[in-house]
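Visitor:
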Amino acid sequence: MRPEALNPLFVEVEALEGVGPKLRKPLEKLGLTRIRDLAYHLPDRFVERRAVTSLYEASVGENVIVALTVREHRSPAGRGPFRVMAEDGAGNICTLTYFGRASYSARKQLPVGELRWVAGRIDQYGQMLQIVHPEHVSENASAPLGQLCEAVYPLSEGLTQGRAAALVAQALKALPVLSEWIEPGLLNKMGWPAWHDAVVEAHRGVHQPARDRLAYDELLANALALMLVRESNRSQRGTPLAGDGSLRARLKLPFALTGAQARSIAEIEGDLAQAAPMLRLLQGDVGSGKTVVALTSMLIAVEAGAQAALLAPTEILARQHYETLSRMLQGTGVEIALLTGRDKGKAREAILMGLLDGSIQIVVGTHAIFQDAVAYRNLALVVIDEQHRFGVGQRLMLARKGRRTPHTLAMTATPIPRTLTLAQYGEMEVSKLDELPPGRQAIDTRVVAVERMDDVAAALARHIETGQQAYWVCPMVNESETDDLAAAEARYAALKERFGDAVALVHGQLRPEAKDAAMERFARGEASLLVATTVIEVGVDVPNATLMVIEQAERFGLAQLHQLRGRVGRGSGKSTCLLLRGAQLSETARQRLALMRETQDGFRLAEEDLQLRGGGELLGTRQSGDTPFRIASLEQITKLLPLAHDDARLLIERDGGLSGPRGEAARLLLYLFERDWGVQLLRSG
Ligand code: ADP
Ligand code: MG
1 MRPEALNPLF VEVEALEGVG PKLRKPLEKL GLTRIRDLAY HLPDRFVERR AVTSLYEASV
61 GENVIVALTV REHRSPAGRG PFRVMAEDGA GNICTLTYFG RASYSARKQL PVGELRWVAG
121 RIDQYGQMLQ IVHPEHVSEN ASAPLGQLCE AVYPLSEGLT QGRAAALVAQ ALKALPVLSE
181 WIEPGLLNKM GWPAWHDAVV EAHRGVHQPA RDRLAYDELL ANALALMLVR ESNRSQRGTP
241 LAGDGSLRAR LKLPFALTGA QARSIAEIEG DLAQAAPMLR LLQGDVGSGK TVVALTSMLI
301 AVEAGAQAAL LAPTEILARQ HYETLSRMLQ GTGVEIALLT GRDKGKAREA ILMGLLDGSI
361 QIVVGTHAIF QDAVAYRNLA LVVIDEQHRF GVGQRLMLAR KGRRTPHTLA MTATPIPRTL
421 TLAQYGEMEV SKLDELPPGR QAIDTRVVAV ERMDDVAAAL ARHIETGQQA YWVCPMVNES
481 ETDDLAAAEA RYAALKERFG DAVALVHGQL RPEAKDAAME RFARGEASLL VATTVIEVGV
541 DVPNATLMVI EQAERFGLAQ LHQLRGRVGR GSGKSTCLLL RGAQLSETAR QRLALMRETQ
601 DGFRLAEEDL QLRGGGELLG TRQSGDTPFR IASLEQITKL LPLAHDDARL LIERDGGLSG
661 PRGEAARLLL YLFERDWGVQ LLRSG
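First residue of the sequence shown? That's 1 in full-length UniProt numbering, and the numbers climb one at a time after it.
(1) Is any non-hydrogen atom of the ligand ADP found closer than 7 Å to the C-beta of P313, if you look at the structure I gave you?
(2) Quick one: what does DSSP say T638 is sitting in, helix, strand or coil?
(3) Under three-state DSSP, which class holds K432?
(4) Go ahead and label A216 buried or exposed: buried means 16 or more other beta carbons lie within 10 angstroms of its beta carbon, across all protein chains shown.
(5) I need the straight-line Cα distance from E4 to K639, nearest angstrom please.
(6) For H645, collect the residues of the same chain with a Cβ closer than 6 Å to its Cβ; drop the 5 residues on either side in sequence, then sort them by chain order.
(7) Taking the DSSP output, what are the residues bridged to R34?
(8) Going by other Cβ atoms of all chains shown within 10 Å of its Cβ, with 16 needed for buried, is G557 buried or exposed?
(9) Looking at V66 and D88, is the spacing between their C-beta atoms short of 8 Å?
(10) Under 7 Å Cβ to Cβ from L670, same chain only, skipping five residues before and after it: list those, please.
(11) Can you tell me whether T291 sits near the ligand MG, meaning its C-beta is under 7 Å from at least one heavy atom of the ligand?
(12) Determine, using beta-carbon pairs with one atom in the segment 269-280 and one in the segment 307-320, whether at least three such pairs fall under 8 Å.
(13) Does the ligand ADP have even one heavy atom less than 7 Å from the beta-carbon of Q563?
(14) Comparing the CB of D385 with every heavy atom of the ligand MG, is any distance shorter than 7 Å?
(15) Would you please state the rounded distance, in angstroms, between the beta carbons of E429 and R280? I believe it to be under 8 Å.
(16) Would you check whether the ligand ADP has a heavy atom nearer than 7 Å to the C-beta of R434?
(17) Can you list, in chain order, the stretches of the alpha helix (DSSP H) that have 4 or more residues and sit fully within the segment 107-150?
(18) With a CB to CB cut of under 8 Å and the five nearest residues on each side skipped, what residues in its chain are close to A350?
(19) So does P193 have its beta carbon nearer than 7 Å to some heavy atom of the ligand ADP?
(20) Put N188 into one of helix, strand or coil per three-state DSSP.
(21) Are the CB atoms of E526 and C474 within a distance shorter than 8 Å?
(22) Thinking just about the alpha-carbon of each residue, which of A151, V456, R49, L6 is nearest to the one in R121?
(23) Assuming contact is defined by CB atoms lying nearer than 8 Å, are L315 and T340 in contact in what I supplied?
(24) Is D601 near the ligand ADP, with its Cβ less than 7 Å from a heavy atom?
(25) Distance check for F629 and E554, CA to CA, integer angstroms please.
(26) If I follow the unbroken beta strand (DSSP E) through I536, where does it start and stop?
(27) With DSSP as the reference, label H41 as helix, strand or coil.
(28) Consider the C-beta atom of G287 and the heavy atoms of the ligand ADP; say whether any pair is separated by less than 7 Å.
(29) Exposed or buried, which one is E587 when buried takes at least 16 other CB atoms within 10 Å?
(30) Using only the alpha-carbon positions, how far apart do T239 and V383 sit?
(31) Do P43 and A174 count as a contact pair if the criterion is CB distance below 8 Å?
(32) Pull up the CB-CB distance for H562 and L495, whole angstroms please, since I reckon it's below 8 Å.
(33) Decide if the segment 192-206 is in contact with the segment 175-184; the criterion is three or more beta carbon pairs, one per stretch, under 8 Å apart.
(34) Do Q161 and L155 have their beta-carbon atoms positioned less than 8 Å apart in this structure?
(35) Under 7 Å: does the beta carbon of P642 sit that close to some heavy atom of the ligand ZN?
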């Protein structure tokens, strides 16, 4: 039950003035469904304006507020803009310029002969000063002068700046005052405001202490929740699993394990033998061979008479894992099944029965494997692939599936900086695959200007003629971006025109059957070229695909580029990755692409990425999916996470049940950041 003090924050945005069905979608797209979300919808930046009496006090490019008398309306002769000639108090004339529909309201707002207060950015237009699309026009001074410092909010299609600001203002009025969860000594030392004031100030201007405090709150909530998981896990009883090696002996691997694989397996085997449930992270770059480690771990469970589950983030990956593992398990007599949301009817019933009576020993699937209807006879090990895609909450639901808490092995190929490992995985034990299987060749990575598209297509044609396959990746940072989707479809059409049926397409909006069909055609070699969005990012394994083209590479994060590139270079042949870049590149983007060319070490890329962004703008734009946080930036994480971590540990050591006054406040915090599964653990543990 959420504490009552938080109720005002969890009221739906529909309750606000001016939010009708039309605004719902744009708000939802930004994740703004409750008052709380609006309160935390922090500005990207602020526009600072200066009030001037004469236009010539200001320089070109400056944002000003000025009183102007309207002299004349000039309607466009053809398709030109609508212009309003206006005069400042010193007799200087300037033009207010409006394109398209904006001219209708401009006519009304700026009647000839009247004085208006105008806020906007001064431009030079020929000999004259102009303001294009003034941001505010008002009859009196008070409104624009209240905007000397105006927040600029992240928007989505259908949501305007003015509307966003108005909604945030309403949300801020509804903020409760909450009791303090931050340790008073720290609060003082950092000079941080109380929560309520911090939220208000973060919307009012660049106020670093306020923003830091809010970021700290988020980090503390996360650290606390992870620590509660850890504590609760310690107090649970699991099943000690000691395998006799019989199944592992029957496994016929076509290669010898690397030292890192053998070491990781030994670490896992040691954990599994304990009664306390394992919580271990297997970190290994793409291609480092995590699958065989997972399989071996699962075999230990099966040898011990228990069941194991492998959870994959997507259907494609689940299917691929299933196929790989089935192949490897041939001759071992182990029963393995695939269970996804798409399995229906008799087939599904049969699998459910097998899981219940124990005849299926290993199940591979998507989150469908921990739906309520799925019951296990003796689930003792859960392996989670590409762990970062699942929240800890989901992990816990899965943990509830066994009669006893199953051992958990989380696997990730996402090379994240050390600080983030702590943030994301808390105090999990870590095994690292820091050694690639022998015989891998470096991927020849090149940065190519997009103007050379024809050359790229020609190289692609030559590549395909040799019988090898290729990926063509289109950016779709967010799978719901319609523009990106259209661009990917257009690229597919263009490539299809040139290469015919050899081209297949996958993206997140396709029906699962269509997606699988395309992937299968590619995996079987029937399609030579796979046009794809980032759905191929993780796990997909087609060794004959040795060329990858990534369009608008500058739009991807380094970690993502690295993951994508890891799809090639999987066989013994030489592989190439072409990073197509746009004409306009920021300095940071240029450096990032250069770094991709320079190294293939994911962990190094992750650290350097952090460095590159470290010195960035105060309120830099964020890449979604980079971190598990919504408010804290990478810099703030680096700076504040260790503090939050220590603070959380102290709090739990002193008040493990979170029942003292600060503990109660910390519960508010957990609910505020929807880490309330942490609180639930307190109750059940
Ligand atoms: P990851 O999941 O870590 O990205 P995979 O488990 O898919 O990597 O392994 C990548 C490829 O390397 C697979 O084709 C696998 O068969 C192969 N492989 C794994 N371990 C070894 C090894 N020790 N020696 C040679 N090849 C290996
Ligand atoms: Mg893998």
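For every residue, glycine included, the Cβ atom is placed at its ideal position computed from N, Cα and C.
Guide: Let's see:
(1) Along the sequence shown, read from residue 1 onward, the residue named residue 313 stands at position 313. The nearest non-hydrogen atom of the ligand ADP is 7 Å or more from the C-beta of P313.
(2) In the sequence shown, residue 638 corresponds to position 638, counting from 1. Here T638 sits in helix by DSSP.
(3) By one-based count along the sequence shown, residue 432 stands at place 432. In the structure shown, K432 sits in a strand (DSSP, three-state: E or B).
(4) Indexing the sequence shown from 1 puts residue 216 at position 216. Correcting the residue type first, residue 216 is Tyr in the shown sequence and not Ala. Counting C-beta atoms within 10 angstroms of its own C-beta, Y216 has 16 or more neighbours from the protein chains shown and is therefore classed as buried.
(5) The count along the sequence shown starts at 1 and reaches residue 4 at position 4. The count along the sequence shown starts at 1 and reaches residue 639 at position 639. Taking the straight line joining both Cα atoms gives about 33 Å.
(6) Against the sequence shown, residue 645 aligns to sequence position 645. A distance below 6 Å between beta-carbons, with the five flanking residues on each side excluded, links H645 to the following residues of its chain, in chain order: A223.
(7) Your numbering for residue 34 matches position 34 in the sequence shown. As computed with DSSP, R34 is found in a beta bridge with E12.
(8) Numbered from 1 along the sequence shown, position 557 holds the residue referred to as residue 557. The residue is buried, with at least 16 neighbouring Cβ atoms inside 10 Å.
(9) Counted from its first residue, the sequence shown places residue 88 at position 88. Counted from its first residue, the sequence shown places residue 66 at position 66. Contact flag set, yes.
(10) Walking along the sequence shown from the start, residue 670 turns up at place 670. A distance below 7 Å between beta-carbons, with the five flanking residues on each side excluded, links L670 to the following residues of its chain, in chain order: A221, L224, A225, D676, G678, V679.
(11) By 1-based counting over the sequence shown, the position of residue 291 is 291. At least one heavy atom of the ligand MG is nearer than 7 Å to the Cβ of T291, so yes.
(12) By the Cβ test, the segment 269-280 is not in contact with the segment 307-320, since fewer than three Cβ pairs between them sit closer than 8 Å.
(13) One-based indexing of the sequence shown puts residue 563 at position 563. Because no heavy atom of the ligand ADP lies under 7 Å away, the Cβ of Q563 does not count as near it: no.
(14) As a first step, residue 385 is located in the sequence shown; it is residue number 385 there, counting from the start. The ligand MG has a heavy atom closer than 7 Å to the beta-carbon of D385.
(15) Here residue 429 corresponds to residue number 429 of the sequence shown, with the count starting at 1. Here residue 280 corresponds to residue number 280 of the sequence shown, with the count starting at 1. Here E429 really is in contact with R280; their C-beta atoms are around 5 Å apart, less than 8 Å.
(16) Counting from one through the sequence shown, the residue named residue 434 turns up at place 434. This sequence places Asp at residue 434; Arg is not what is there. Answer for D434: no, Cβ out of range of the ligand ADP.
(17) With a minimum length of 4 residues, the continuous alpha helix (DSSP H) runs that stay inside the segment 107-150 are 142-145.
(18) To locate residue 350, count along the sequence shown from 1; it is residue 350. Here the set comprises nothing.
(19) The residue given as residue 193 occupies position 193 in the sequence shown. P193 has its Cβ no nearer than 7 Å to any heavy atom of the ligand ADP.
(20) For the purposes of this step, residue 188 is taken as residue 188 along the sequence shown, with counting starting at 1. Three-state result, N188: helix.
(21) Residue mapping note: residue 474 aligns to position 474 of the sequence shown, counting from 1. Residue mapping note: residue 526 aligns to position 526 of the sequence shown, counting from 1. No, the pair does not count as a contact, with Cβ atoms beyond the cut-off.
(22) For this step, residue 121 is matched to residue 121 along the sequence shown. When each option's Cα is compared against that of R121, the closest is R49.
(23) As a working note, residue 315 is residue 315 in the sequence shown. As a working note, residue 340 is residue 340 in the sequence shown. Note on residue identity: the sequence assigns Glu, not Leu, to residue 315. Yes, these two residues count as a Cβ contact at 8 Å.
(24) In the sequence shown, residue 601 corresponds to position 601, counting from 1. For D601, the shortest C-beta to heavy atom distance toward the ligand ADP is 7 Å or greater.
(25) Against the sequence shown, residue 554 aligns to sequence position 554. Against the sequence shown, residue 629 aligns to sequence position 629. The alpha-carbon atoms of E554 and F629 are separated by roughly 22 Å.
(26) Sequence index remark: in the sequence shown, residue 536 carries index 536 (1-based). From DSSP, I536 is part of no beta strand (DSSP E); its letter is neither H nor E.
(27) Start at 1 with the first residue of the sequence shown, and residue 41 comes out as number 41. Coil.
(28) Residue 287 sits at position 287 when you count from the first residue of the sequence shown. Yes.
(29) Locating residue 587 in the sequence shown gives position 587, counting from the first residue. So E587 ends up on the exposed side.
(30) Position 239 of the sequence shown, counted from the start, is the residue given in the question as residue 239. Position 383 of the sequence shown, counted from the start, is the residue given in the question as residue 383. Each residue's Cα considered, the two are about 15 Å apart.
(31) On the sequence shown, residue 174 is found 174 positions in, with the first residue counted as 1. On the sequence shown, residue 43 is found 43 positions in, with the first residue counted as 1. When the beta-carbon positions are compared, A174 and P43 stay at least 8 Å from each other.
(32) Translated into positions along the sequence shown, residue 562 becomes position 562. Translated into positions along the sequence shown, residue 495 becomes position 495. The pair is not a contact, with the Cβ atoms about 24 Å apart (cut-off 8 Å).
(33) Because the criterion of three Cβ pairs below 8 Å is met, the segment 192-206 and the segment 175-184 touch.
(34) Residue numbering aside, residue 155 sits at position 155 when the sequence shown is read from its first letter. Residue numbering aside, residue 161 sits at position 161 when the sequence shown is read from its first letter. It is a contact, given that the beta carbons lie within the stated cut-off.
(35) With respect to the ligand ZN, the structure offers nothing, as its ligand set consists of the ligand ADP and the ligand MG.
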